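The structure under discussion appears below in the form of C-alpha cells.
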Amino acid sequence: MIKQGKSYSKDGHIAFIVGKEFTTIEGVSTIVEEQAKKFIASDEKTDYIKLGEQFIFFVKENDDLEKIRVAGHEIRTKLSKSAEEIFISGKGTNALALAEGLALSNYQFLKYFKDADKKRYHLKSIVLLDTFEAKQISRLNNTTTAVYWSRDMVNEPLSYLTAPQLAKEIQSFEKVDNLKVTVFNKAKIEELKMGGLLAVNLGSVDEPTFTIVEYKPKNPKNKKPIILVGKGVVYDTGGMSLKPTAGSMDIMKSDMGGAACMAGTIYAAAMNELDLHIIALIPATDNRPGGNAYVPGDVITMYDGTTVEVLNTDAEGRMILADALAYSNALNPELVIDAATLTGAAVAAIGQKAACIMGNANQEIIDELVKSGYNVHERLAQMPFWDDYAEEVKSSIADLKNIGGKYAGSITAGKFLEHFVKSPYIHLDIAGPAFLGSEENYKGKGGTGTGVRLLNNFLENY
Ligand code: BES
Ligand code: ZN
Ligand code: ZN
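Read in order, the letters of the sequence shown correspond to residues 2 to 463 in the numbering used here.
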C-alpha cells in the first residue's frame, strides 16, 4: 500500500529520486550522500548500495514516467523478500510513478504453491516523503487493487474459474458504494434468447453467465451511461474447430482477459468515486467440443435476431460479445467500448507491445483513449475501420458469418461486432498484451491486467 509519510525512520529501506543535485534528508548517513554524488556524476539510470540489511536505491529523475515505473520494478527485484517498508524521497509525478511501478511489481500469484510462504514478498508500505493530495494516493492504490484483481482472474485456471465462478468473483465488488451486480443464469439467458452465448456454451458442462455491473454515483456528469463489454471466455479450446497449432491452447485460460479488464475497470472507477455512470456487461462461458457443441455450418439466431452462419467455432468471442453488445442498445449508451482477446491476427499485426483499437466513435474520443495509452504506457494502435471490411463477414445463407477472409482478421472481427451496436462504438483487441509468456518488468509474467489503468486514465479525464 502506498502511503503518505512525514519522516524517514533511519535504517529503513529508501529510494531517492535525484536530479542534478542531491537533497539529503534527516537520518541519512554521509556514506549515502557520497554515493549519491557519485551516482549523479555517472551515466547510470539506477543504482543501489546495501548497508548491512538496509537497501538504499538511487533513481535519476525522468520526464518519461515509464522509465521511472520500470525503475520501480528494478527495486523490487533487488529488495529482500522480507522487507516490509520502503520510503521514497522524491517529488511529484516521479515519486508517484516509482511507487506505482514498485506496487505493480509486488504482485504475485502464489495460490497453487505448497511453499507459497517461502516465496512471498512481505512489502506492505511504500511511504512517500513528498506531500500529495490524499486523492492522488488513494486513486493509485485503488487502481492497483483492481489491476491485481484482474491479474488474479486471468491467472486462475479453468479448474477454478468457470463462468459461474467468474460471476461470483465480480459479485464481491458490491461492497463498494453505488455499485450493483446482477448475474443472469442459464435459464435467464435462455429466456432472453442470447443465441450466441448459448451456442458457444453448448459443449460445456458448466452454465454460462451474463453479469451486469452498474456504477451510478449521485450526480454523474453523463446523462447516458458509458458501457463496457468484456469477453469472458474462461477457456478457449476452439470448440469443434479445435485449436490447430501445437501449444496454442496453453494460455487459453486468459481468454477472459477482456472480462477481467472491464470488470476491473468499473471496480476501480467505483472505488475511485469517478463522477460517471458506467455499466459493464460480461458474457461468460468456456468453449469446448463437448456433448452438443455447436459445429461449423450451424446457423445461430442472436439476441437481436441477426442470424449468423458459424464457419469456425474458434471464432467464439464475437458470438458471445455480439449478444452483449446488442443488449447494450436498450440501455441507451453514450459510448460503448469492448475489450477482448479476440484474434490471433491482432497479435500477428502488432505483437504484444500494444492493443489494437478501432471503431466508429468520433476520432476525438479515439484520440483521447490513444493518449491515455501513452499516459499509462498501455499503448494502442489504431486500425482502419472502413465498411469494405464488413463485406467479408456477409454469409450466403444468413445475415452474417462468423469469420472473414484470409487477411485483416482483427478488423473483420471488429466489423462483425459493429453490426450489433447502435451507439458510438470502440473495440479493443487485447489478445497480445493480456497475457505474457515471460516477465516484462512491472507488467509481470502471466496475466497483466491490461486495460484497467488505460481505461481509468481515460475515464478520469472524460
Ligand atoms: N481467443 C482466440 C484469440 C487469441 C489468440 C487470443 C491468441 C490470444 C492469443 C480467439 O477466440 C480465436 O481463436 N480467434 C481465431 C479467429 C479465427 C478462427 C477467425 C484466431 O484468431 O485464429
Ligand atoms: Zn477462439
Ligand atoms: Zn477466444
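All residues carry an ideal CB built from backbone N, CA and C; glycine is no exception. Remember, it's a predicted structure, so these values are computed and weren't measured experimentally.
inquiry  = Let me confirm a value: Tyr375 is counted as buried when at least 16 other C-beta atoms fall within 10 Å, else exposed. Which label applies?
reply    = Counting the other CB atoms within 10 Å of its CB gives Tyr375 a total below 16, which places it among the exposed residues.
message = Taking the straight line between their C-alpha atoms, what separation do you get for Tyr268 and Tyr122?
response = Pairing Tyr268 with Tyr122, the inter-Cα distance amounts to about 25 Å.
request  = Return yes when the C-beta of Val348 is under 7 Å from any heavy atom of ligand 3, and no when it is not.
outcome  = Result no, Cβ not under 7 Å from ligand 3.
message = With a threshold of 7 Å (Cβ to nearest heavy atom), would Ile404 be considered close to ligand 1?
response = Under cutoff, so the answer is yes.
inquiry  = Among the candidates Ile3, Leu370, Thr308, whose CA atom is the shortest distance from the CA of Thr144?
reply    = Of the listed residues, the one whose Cα sits closest to Thr144 is Ile3.
Residue ranges of each alpha helix (DSSP H) within the segment 247 to 319, 4 or longer = Listed in chain order, they are 258 to 272.
query = With 16 other CB atoms within 10 Å as the buried threshold, where does Asn142 fall?
reply = Buried, by the Cβ-count rule.
ask   = Taking DSSP as the reference, what is the three-state secondary structure of His74?
value = Secondary structure at His74: helix, using DSSP grouped into helix, strand and coil.
key: Euclidean distance between Cα positions of Ala399 and Ile301   = If I take the Cα positions, the gap works out to 9 Å.
Distance between Ala264 and Val182 (C-alpha atoms, nearest Å) = Those two C-alpha atoms are separated by around 10 Å.
ask   = Any heavy atom of ligand 3 closer than 7 Å to the Cβ of Thr246?
value = No - ligand 3 has no heavy atom lying nearer than 7 Å to the Cβ of Thr246.
ask   = Just checking my contact of Asn313 with Ile404 at CB under 8 Å: how many whole Å lie between their CB atoms?
value = Contact between Asn313 and Ile404 holds, with the beta-carbon distance rounding to 5 Å and staying under 8 Å.
key: Thr31 Cβ short of 7 Å to ligand 1 heavy atom set   = Thr31: no, Cβ never under 7 Å from ligand 1.
key: Identity of the residue in Pro297, Tyr426, Asp389, Thr163 nearest Pro284 by Cα   = Nearest option by C-alpha distance: Thr163.
request  = Please write down, chain order preserved, every residue whose beta carbon lies under 5 Å from a heavy atom of ligand 1.
outcome  = Residue list for ligand 1: Asp237, Asp256, Asn313, Asp315, Ala316, Gly318, Thr342, Thr344, Gly345, Ile404, Ala432 (CB closer than 5 Å to any heavy atom, chain order).
ask   = Val155: beta carbon under 7 Å from a heavy atom of ligand 3?
value = No, ligand 3 has no heavy atom inside 7 Å of this Cβ.
Given Glu45 as reference, the closest of Phe58, Met272, Gln137 once Cα atoms are compared = Ranking Phe58, Met272, Gln137 by Cα distance to Glu45 puts Phe58 first.
message = Starting from Gln5, trace the beta strand (DSSP E) in both directions and tell me its first and last residue.
response = Here the beta strand (DSSP E) through Gln5 covers 3 to 5.
query = Taking buried to mean at least 16 other C-beta atoms within 10 Å of its own C-beta, is Gln364 buried or exposed?
reply = Per the 10 Å Cβ criterion, exposed.
message = If you follow the beta strand (DSSP E) that Gln383 is in, where does it begin and where does it stop?
response = Per DSSP, the unbroken beta strand (DSSP E) holding Gln383 starts and ends at 381 to 383.
query = Which first and last residues belong to the beta strand (DSSP E) in which Phe464 is found?
reply = Nothing about residue 464 can be read from this structure; the chain reaches only from 2 to 463.
request  = Identify which residue in Lys51, Ala260, Gly13, Trp150 has its Cα closest to the Cα of Ser90.
outcome  = Out of Lys51, Ala260, Gly13, Trp150, Gly13 has the C-alpha closest to the C-alpha of Ser90.
query = If you check the beta carbons only, do Tyr304 and Leu193 fall under 8 Å apart?
reply = In this structure, Tyr304 places its C-beta atom within 8 Å of the C-beta atom of Leu193.
query = Thinking just about the alpha-carbon of each residue, which of Ala355, Leu275, Leu105 is nearest to the one in Ile431?
reply = The residue among Ala355, Leu275, Leu105 with its C-alpha nearest the C-alpha of Ile431 is Ala355.
key: Buried or exposed by the 16-neighbour rule on C-beta atoms within 10 Å, applied to Thr238   = In summary, Thr238 is buried, with 16 or more beta-carbon neighbours lying within 10 Å of its beta-carbon over all protein chains present.
key: Residues near Arg140 by beta carbon distance below 6 Å, same chain, minus five either side   = Here Arg140 has Asn273 as same chain residues with Cβ atoms under 6 Å from its own Cβ, once five neighbours each way along the sequence are excluded.
task = Have a look at Gly450 and Val148 and give me their C-alpha separation to the nearest angstrom.
result = Computed Cα separation, rounded: 5 Å.
key: Residue closest to Lys232, alpha-carbon to alpha-carbon, out of Leu282, Gln383, Met241, His278   = For Lys232, the closest alpha carbon among the candidates Leu282, Gln383, Met241, His278 is that of Leu282.
ask   = Around the Cβ of Val206, are there at least 16 other Cβ atoms within 10 angstroms (buried) or fewer (exposed)?
value = By the neighbour-count rule (16 or more Cβ atoms within 10 Å), Val206 is not buried but exposed.
query = With burial defined as no fewer than 16 other Cβ atoms inside 10 Å of the residue's Cβ, what is the status of Ser43: buried or exposed?
reply = Per the 10 Å Cβ criterion, exposed.
key: Ala346, buried or exposed, once every other Cβ within 10 Å from all chains shown has been counted against 16   = With 16 or more Cβ atoms within 10 Å of its Cβ, Ala346 is classed as buried.
query = Secondary structure at Glu85, three-state DSSP: helix, strand or coil?
reply = Here DSSP, grouped into helix, strand and coil, assigns Glu85 to coil.
ask   = Under 7 Å from any heavy atom of ligand 2, does the C-beta of Asn202 make it?
value = Incorrect: Asn202 has no Cβ contact closer than 7 Å to ligand 2.
inquiry  = Using a Cβ-Cβ cutoff of less than 8 Å, which residues in the same chain neighbour Glu134 once the five nearest sequence positions on both sides are dropped?
reply    = Excluding residues up to 5 positions away in sequence, nothing lies with its Cβ nearer than 8 Å to the Cβ of Glu134 in the same chain.
key: Residues that Gly345 bridges to, as DSSP identifies them   = Partner(s): none; Gly345 has no beta bridge.
query = Would Val311 pass as a contact of Pro290 if the rule is Cβ separation under 8 Å?
reply = The answer is no: Cβ separation not under 8 Å.
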